[in-house]
Amino acid sequence: MEKVKVEICCGTACYLLGAANMMDIEDKLPAEWSGKVEIEAKPCLELCERENLGGAPYVRINDTEVMAQATPDKLLTRIGELLGGAA
Amino acid sequence: MLNGSTFIRRELLIRIVRAFDSGSLESEIDQIPVKLRPKNEPSSRCCVYHDRAILKYRLMALLGISVEEEIDETKPLSAYYAEKAWTAEGEAAKPKTPLSVCGPACSGCPDARVVSTQNCRGCFARPCVYNCPKKAIEVVDGHSVIDQKLCIKCGKCIAACPYNAIVKTTVPCEEACPVGAIKKNELGVAEIDFEKCIFCGKCFNACPFAAVMERSQLVDVLAAMKRGEKLVAMIAPAAEKQFPGKIEQLLTACAKAGFSDVMEVALGAEKTTAHETAEFIERMEKNPNTFMTTSCCPAWVNLAWKHLPDLVEHVSLTPSPMVYAREIVKEKDPSAKTVFIGPCVAKRSEARRKDVDYVLSFEELGAILAGRKIDVIACEPWPVARPADPTARNYARSCGVTDAVLAEATAKIPGFKLNAKQINGIDKKTCTMIKLHASGKIPVNFLEVMACPGGCQNGPCSLVK
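Protein chains in written order, with the numbering used here: chain A, 330 to 416; chain B, -15 to 449.
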């Protein structure tokens, strides 16, 4: 994949339940991914209501894929997979 | 920091706010434990039934009920809630003891011991045996064995072993408590001696089973808001960087959440600085060989009162920023009720003494904001008449009070010298250091004491440390 779009939910629920730990994720991206990953902190994506509060914090990847109980490590692994390891 | 304990507490808080706002808390609250731990799904402890029992007690604490004071085990949460929502006022809304231990959650950790593990290779040098001052270690069948009757847990063998084979097991709550107020009772369950407890909140953070719980006033605040009472949010200086966005945005978020007015407690801290500096100068004029300690940390004040009677006369009599903030609110509107919002457990005990109506933690405020779908980052800054002085906002950091007093004193008396020292975090070791000051032999005239290392910003109920 050419480019990965990551939307981190910064609604207060997700923030309290772990998104606070992902605020500095941009600094953790390997240099070779530069220009290929677009990270955005979003206001509440309302996934905690549609899905399940226990699944927070939520991250949306490429507009369609939803990651529940997101952590920096999980997110970095998934971005790596999407970039096909060929970064 | 986020871990399993904080996650479940925050999730429950948000669920309570959501259910309260939809008018269904009374009918839903008894179902929450079952919904969170349905049968045939993974449990955190032995089984979902144990999990559910503990979730019930967690919800009880979040309703402000002391688990220790439970008389009727058959009383459902909905009955506790009904009492709270419709009748609780005044005394009932102000728990005497802000902490409560949930017996069924307590793991009854084995007593602290120094033990040799399988990493021991029964080496030839045997530094553990040679370094033990009590001759408590011998090697049996190629493996070191520590005689628990002789061992004094000094840790010399731990440091000496090249294989890291010797470890000390701990009882985390007992280890964390600076004053020996939490101990296992005859049933092997942790119990807090509230005569000794200074409400520093160290055990609350330390227990890996989250058995120590805060008695929340969240539902009291929600119910008061619903009754249409005027509640003023007083935001502690430690709020900086706890939520995304600036303090002024957080103030707007509070106003949106239903508080009738909002203010920074740092405005109260400005008054504390002025009074504390004047008090300090006066004390030094009377007796230049004495010293004064700060008084804004309530856990420190509790420590002095309960455990260090010799030091009480040295504790500044100046009221804390919270008390001055309350005064500012009451001057403006005597009918308003005050809600202190901060990272502190001990403030709950100070609030009770000083007539502050409610205390919420940042977590509880966060739950209200989350439940009411308010994002701090999306809020406009609150139009404050003027922002608080930077030295006052700095109260949440270690050295902050010292810096503020020094700046104020220097402005009044050029060349003023402050011989200051900071106790940055109360623990067993620093308690001993503080006691040394009572002897008066330490050349310090201003002693700042903060119960939490780094200051209030690292308080037991802070969201981000």
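Don't be surprised by glycine CBs; every beta carbon is placed ideally from N, CA and C.
Annotation for Leu431/B: the continuous beta strand (DSSP E) segment containing it runs 430 to 434. For Arg105/B, there is no enclosing beta strand (DSSP E), since its DSSP letter is neither H nor E. Bounds of the alpha helix (DSSP H) holding Cys238/B are 231 to 241.
With the criterion set as a beta carbon lying under 8 Å from some beta carbon of chain A, the members of the stretch 359 to 376 of chain B are Asp359, Val360, Ile361, Ala362, in sequence order. The C-beta separation of Ala422/B from Leu287/B comes to about 12 Å, leaving the pair out of contact by the 8 Å criterion. Leaving aside the five residues that flank Lys290/B on each side, the residues in its chain whose CB is nearer than 7 Å to its CB run, in chain order, Lys180, Ile182.
Nearest C-alpha to Ile13/B among Val203/B, Ala241/B, Ser91/B: Val203/B. Per the coordinates, the alpha-carbon of Cys415/B lies some 7 Å from the alpha-carbon of Pro162/B. Taking 7 Å as the cut-off, the beta carbon of Glu364/B is found no closer than this to the beta carbon of Thr274/B. In the three-state reduction of the DSSP assignment, Glu224/B falls in the coil class, being assigned neither a helical nor a strand state. Counting along the chain, no alpha helix (DSSP H) covers Gly364/A, and no H or E run does either. Ala220/B is positioned such that its CB atom lies no closer than 7 Å to that of Pro282/B. According to DSSP, residue pairing for Val285/B in a beta bridge does not occur.
With the rule of 3 Cβ pairs closer than 8 Å, the stretch 202 to 217 of chain B counts as touching the stretch 43 to 56 of chain B. Between Val385/B and Glu432/B, the C-beta spacing is below 7 Å.
Against chain A, the CB of Gly7/B has no partner CB under 7 Å away; the residue lies outside that interface. Shown here, Ala253/B sits in a helix according to DSSP, grouped into three states. Per DSSP, Tyr147/B lies in no beta strand (DSSP E) and is assigned neither H nor E.
Listed in chain order, the positions of the stretch 330 to 355 of chain A with a beta carbon within less than 8 Å of a beta carbon of chain B are Cys339, Gly340, Thr341, Ala342, Tyr344, Leu345, Leu346, Gly347, Ala349, Asn350, Met352.
Per DSSP, the beta bridge partners of Leu83/B are Glu198/B. For Leu382/A, at least one C-beta of chain B is nearer than 7 Å to its own C-beta.
C-alpha of Ile(-2)/B to C-alpha of Val85/B: approximately 22 Å in a straight line. Taking a cut-off of 8 Å for Cβ pairs, the stretch 8 to 23 of chain B and the stretch 349 to 364 of chain A do not touch, as fewer than three such pairs fall below it. Put simply, the stretch 87 to 105 of chain B touches the stretch 136 to 154 of chain B. At least three CB pairs are less than 8 Å apart. Residue Val285/B holds the alpha-carbon nearest to the alpha-carbon of Ile410/B among Phe227/B, Phe4/B, Val285/B. A Cβ-Cβ distance of about 5 Å is found for the pair Phe188/B and Pro444/B, placing them in contact under the 8 Å criterion.
When 7 Å is used as the limit between beta carbons, Glu(-5)/B is near these residues of chain A: Leu346, Leu382, Gly383, in chain order. Taking the beta carbon of Pro228/B as reference, the chain A residues within 7 Å of it are Cys339, Tyr344, listed in sequence order.
Legend: CB atoms of the stretch 202 to 227 of chain B lying less than 8 Å from CB atoms of chain A belong to residues Phe227.
Inter-residue distance for Tyr379/B and Pro228/B is about 20 Å (C-alpha atoms, whole angstroms). Apart from sequence neighbours up to five positions away, the residues of its chain that approach Val333/A with a beta-carbon distance below 8 Å are Lys365, Val366, Glu367, Ile390, Asn391, Ile408, Leu411, Leu412, ordered along the chain. Close to Pro359/A, with beta-carbon spacing below 9 Å, lies no residue of chain B; the smallest spacing is near 24 Å.
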